[in-house]
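**Student:** Attaching a single structure in structure tokens format; questions to follow.
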DNA sequence: TCGCATCTTGACACCTTCTTGATGGCAGCC
DNA sequence: GGCTGCCATCAAGAAGGTGTCAAGATGCGA
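If you want it as structure tokens, here you go:
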């Protein structure tokens, strides 16, 4: 069960502080993208939109506050400023520029984590009811949030493994997924699992999904390679 | 024509600090309601819902953190804690209890005002969506403000944990909530809790809510994943 | 201090799900 | 034809999740 943690963009030029935060945050399950300069941060923020930004002021190539202001122009991602500047005017400027919180160095890790939780809480609340993750492949509808699958309006009741299997294939509809990939994504990076097990679960999934499991409409076998979910456009 | 500023509930027992904040805030156009005790604050919060709460910890009649937690049970109003306690553990506890920010005394007025602006900014963004103190799912009615539940007109009396559990599921009616989510939302981000405990509380909640706990109408089990509250539209 | 409500933990039975092994089909190749 | 590799299906035991009961711990108000 590897739920991917929130993605944090860390904008910080001191290597020491970066190393420290990297260790702390990855240990807590956060995924991390790092940037040493504002230029790099701009690219990272657009190419891989984070769930939260940890922003150090006083970077080599410009003021972090301007970066925060530009970010606010197009996204509501929580911005948490970490700065050595403790002057009140600095805090006010950053907060009014769009930052959501301001922590002065040196700071306690637990406090930082707690404030990050607050920021993520706010973001989650704002986003709720907006994005409904829904996969649709022809008559096959997969609602990720509700964990429901339906073919031609008929609801299925997949077991946990069948669900993971189906979502994996549906997310890559049309592409071939190798046995190896399936084992890694569904069963985790550990070993000791066999391709045979995949076949058994595929069979039970077909029994639920297909009208004629012997002549699959959706779950196609790629002999010697793996499996593939038929795309909507396929014949 | 003086536009009415945001309504601030100030919970603070020191007369000196109250006088100071009253002067500062009214000068900036805020309207103010003051409370010296938690009991008074509870009444004020319900009778005159504020736009923001300034909460001092260490009040004469109880812990301000509990007040914050109760408040969070039915409203999303921003809570800004002002405290003389500067210990990190205190901050973490308050923030995890639902506070949105934590300022230690002595503080700068400008910083406080900036943080209040941030909080109000968040609230304004969140309120553009919804703010429903009454959840209705079929014959199930949940009054968040009054902390009351009723099925088919019959009132339930849930324990604190059962209440949190039910509200969590009702807020996400139809969606599956994983065991992990339940533990995090109901018991807090700390660890050391087991899914077994969830099952026990779910059982007792079913006993109160369902006519036949063995054949649940509302509280559905998603094997291997979590639980789900049936939507009104479901069969 | 006692009693009450609540929460946690352990034990156990029940059931679903998962894994593994066995068997047969099918195609390609010697 | 016989062999080999790959796949699908079935069946049975193993493993793990779920619901329930009950005992002990904890906290709170009388």
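Residue numbers (the working numbering), protein chains in the order written: chain S, -4 to 230; chain H, -4 to 230. Virtual Cβ for every residue (Gly too), placed ideally from N, Cα, C.
1) For the alpha helix (DSSP H) holding residue 85 (chain S), just list the boundary residues, first then last.
2) Kindly indicate which residue of S:4, S:164 and S:212 has the alpha-carbon position closest to the one of residue 63 (chain S).
3) Mapping the DSSP letters down to three states, classify residue 160 (chain S) as helix, strand or coil.
4) Might you give, ordered along the chain, the residues of its own chain that have their beta carbon closer than 6 Å to the beta carbon of residue 79 (chain S), omitting 5 neighbours on each side?
5) Answer with buried or exposed for residue 42 (chain H), where buried requires no fewer than 16 other C-beta atoms within 10 angstroms of its C-beta.
6) According to a CB-to-CB cut-off of less than 8 Å, which residues of the segment 128 to 145 of chain S neighbour chain H?
7) Which bits of chain S does residue 106 (chain H) rub up against, with CB to CB less than 7 Å?
8) Since residue 61 (chain S) is in the alpha helix (DSSP H), which residue starts that stretch and which ends it?
9) For the alpha helix (DSSP H) that residue 30 (chain H) lies in, which residues bound it at each end?
10) Which residue's Cα is closest to the Cα of residue 223 (chain S): S:90, S:166 and S:10?
11) When DSSP labels each residue in this structure, what does residue 23 (chain H) get in the three-state scheme?
12) Would you mind reading off the limits of the alpha helix (DSSP H) that contains residue 223 (chain H)?
13) Compute the distance between the beta-carbons of residue 195 (chain H) and residue 178 (chain H), then report whether it is under 8 Å.
14) Could you check whether the Cβ of residue 188 (chain S) sits closer than 8 Å to any Cβ belonging to chain H?
15) In chain order, what residues of the same chain have a beta carbon less than 7 Å from the beta carbon of residue 180 (chain H), not counting five sequence neighbours either side?
16) From residue 103 (chain H) to residue 14 (chain H), what distance separates their C-alpha atoms?
17) Counting contacts by CB-CB distance shorter than 8 Å, is residue 6 (chain S) in contact with chain H?
18) Put residue -3 (chain S) into one of helix, strand or coil per three-state DSSP.
19) Applying a beta-carbon distance threshold of less than 7 Å, which residues of chain S neighbour residue 169 (chain H)?
20) List the residues of chain H whose Cβ lies closer than 8 Å to the Cβ of residue 95 (chain S), in chain order.
21) Measuring straight from C-alpha to C-alpha, what distance separates residue 169 (chain H) and residue 210 (chain H)?
22) Distance, Cα to Cα, residue 132 (chain H) vs residue 225 (chain H)?
23) When DSSP labels each residue in this structure, what does residue 105 (chain H) get in the three-state scheme?
24) Using the Cα positions of residue 12 (chain H) and residue 55 (chain H), report the straight-line distance between them to the nearest angstrom.
25) Taking the continuous alpha helix (DSSP H) assigned at residue 179 (chain S), which residues delimit it?
26) Are residue 33 (chain S) and residue 57 (chain S) closer than 8 Å when you measure CB to CB?
27) Taking 8 Å as the CB-CB cut-off, is residue 184 (chain S) touching chain H?
28) Tell me which residues share the same chain as residue 92 (chain H) and place their Cβ nearer than 6 Å to its Cβ, disregarding the 5 neighbours each side in the sequence.
29) Per DSSP, what are the beta-bridge partners of residue 33 (chain S) in this structure?
30) Does DSSP classify residue 149 (chain S) as helix, strand or coil?
31) Assuming the contact rule is C-beta atoms closer than 8 Å, residue 161 (chain S) and residue 155 (chain S) should be a hit. Round their C-beta distance to whole Å, please.
32) Which residues in the same chain have their Cβ closer than 8 Å to the Cβ of residue 200 (chain S), if we skip the five residues on either side of it in sequence?
33) Could you work out which residues of chain H lie near residue 91 (chain S), taking near to mean beta carbons separated by less than 8 Å?
34) Counting only C-beta atoms, is residue 21 (chain S) closer than 8 Å to chain H at any point?
35) Residue 120 (chain H) touches chain S at which residues, Cβ-Cβ below 8 Å?
**Tutor:** With the given structure in hand:
1) 83 to 91
2) S:4
3) helix
4) 100
5) exposed
6) 140, 141 and 142
7) 83, 86 and 87
8) 59 to 67
9) It is not in any alpha helix (DSSP H) - residue 30 (chain H) instead sits in the beta strand (DSSP E) that spans 26 to 30.
10) S:166
11) coil
12) No alpha helix (DSSP H) holds residue 223 (chain H); the beta strand (DSSP E) holding it covers 221 to 224.
13) no
14) no
15) 163
16) 16 Å
17) no
18) Unreliable positioning characterises residue -3 (chain S) in this predicted model, as indicated by a pLDDT of 40, which lies under 50. A coordinate reading is not provided.
19) 141
20) 113 and 117
21) 18 Å
22) 8 Å
23) helix
24) 15 Å
25) 174 to 182
26) yes
27) no
28) 60, 63 and 64
29) The partner list for residue 33 (chain S) (beta bridge, DSSP) is empty, contrary to what the question assumes.
30) strand
31) Going by Cβ atoms, the distance from residue 161 (chain S) to residue 155 (chain S) rounds to 11 Å, so no, they are not a contact pair.
32) 153, 157, 160, 161 and 214
33) 109 and 112
34) no
35) 71 and 121
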